[in-house]
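Student:
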Ligand SMILES: [Zn+2]
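Residue numbers (the numbering used here): 1 to 240.
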């Protein structure tokens, strides 16, 4: 797999052009990348999609669906060497919010050992408004990434599990209580538990990085360290 960033690399094959055309319509993070970065992003998206099985529950298969869901995973893990999330082989897509067996609430996405579930309507909403800090695809991929590190440490980058453990035991709760005391910048769902605090923080990190950095610089810096990227820079990836 070619995965290094060379300064001359550009989108070049017909398949890459097709992915470029679709991803650039929806994901501003992608549009901010330089040519070599776009190529890396597209190569990763093609590969990620090729190792997952996509199932459509109550909706027609559509070409852009697996491409864009794969792209969301690639965005989250863009700073890592390991980005395949190999524990999760299946991705299920529903047209709208859905009921889960045995639960009363309606879901727009969730992660279970069977796979990653995303409601397509809410996927699109997530990427259409970058100011509301809500992005279901990033949210579920953040849960999947955390889960992945627990299932098999070797399937994520070396420092990720340690950094995340620190976040979960020390940093996260400290941030959470500080935020609660001063009224939160993050939506209230973040305070359900530490897993939700992680996923909601990551959503805000990608949805509106400048605003998160301004209102919560400590949390922003911690997320840059954990994910090894800074969405406010053109290259995104931070040197290790
Ligand atoms: Zn969640």
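Glycine included, every Cβ here is placed at the ideal spot set by N, Cα and C.
The model shown is predicted, which means the values in this text are computed figures rather than measured ones.
#1: Are the Cβ atoms of residue 191 and residue 176 separated by less than 8 Å?
#2: Would you please state the rounded distance, in angstroms, between the beta carbons of residue 39 and residue 30? I believe it to be under 8 Å.
#3: How many whole angstroms separate the CB atoms of residue 234 and residue 32, which I take to be in contact at a CB cut-off of 8 Å?
#4: Under the assumption that residue 222 contacts residue 171 (Cβ atoms under 8 Å), give the Cβ distance between them as a whole number of angstroms.
#5: Could you check the C-alpha separation between residue 108 and residue 11 for me, to the nearest Å?
#6: With residue 109 as the anchor, note down where its beta strand (DSSP E) starts and where it stops.
#7: Give the straight-line distance between the Cα atoms of residue 24 and residue 42, rounded to the nearest whole angstrom.
#8: Tell me whether residue 103 counts as near ligand 3, meaning its Cβ is closer than 7 Å to at least one heavy atom of that ligand.
#9: Extract the residue ranges of the alpha helix (DSSP H) inside the segment 8-35, only unbroken runs of 4 or more that lie entirely within it.
#10: Is residue 164 helix, strand or coil when you go by DSSP?
#11: Is DSSP giving residue 156 helix, strand or coil here?
#12: In the DSSP assignment, find the beta strand (DSSP E) that holds residue 201 and state where it starts and stops.
#13: Between residue 73 and ligand 1, is there a pair consisting of the residue's CB and a ligand heavy atom that are separated by less than 7 Å?
#14: With distance defined between alpha-carbon atoms, name the residue in 28, 36, 93 nearest to residue 54.
#15: Look up residue 99 in the DSSP assignment and say whether it is helix, strand or coil.
#16: What residue range does the beta strand (DSSP E) around residue 77 cover?
#17: Name the DSSP bridge partner or partners of residue 91?
#18: Could you please give me the residues that DSSP links to residue 229 through a beta bridge?
#19: Can you tell me which residues fall inside 6 Å of ligand 1, judged by beta-carbon distance to its nearest heavy atom, and keep chain order?
#20: How do the segment 101-120 and the segment 174-188 stand: do at least 3 beta-carbon pairs fall below 8 Å, yes or no?
#21: Cβ atoms of residue 219 and residue 212: under 8 Å apart, would you say?
#22: Output needed for residue 97: all residues of its chain with C-beta closer than 6 Å, excluding positions within five of it in sequence on either side, in chain order.
#23: Cα-Cα, which of 136, 204, 86, 101 is closest to residue 153?
#24: In chain order, what residues of the same chain lie with their CB nearer than 7 Å to the CB of residue 121, ignoring the 5 residues before and after it?
#25: Measuring only the C-alpha atoms, how far is residue 36 from residue 173?
Tutor: If we stick to the structure as given:
#1: yes
#2: Not a contact, Cβ separation roughly 11 Å.
#3: 6 Å
#4: 5 Å
#5: 33 Å
#6: 109-112
#7: 11 Å
#8: In the structure shown, ligand 3 is absent; the only ligands present are ligand 1.
#9: 14-26, 28-32
#10: helix
#11: coil
#12: Taken as a continuous stretch (DSSP letters only), residue 201 belongs to no beta strand (DSSP E), being part of the alpha helix (DSSP H) at 194-207.
#13: no
#14: 93
#15: strand
#16: Here residue 77 belongs to no beta strand (DSSP E), and DSSP marks it neither H nor E.
#17: 54, 116
#18: 237
#19: 139, 143, 196, 199
#20: no
#21: yes
#22: 106, 108, 119
#23: 86
#24: 95, 96
#25: 38 Å
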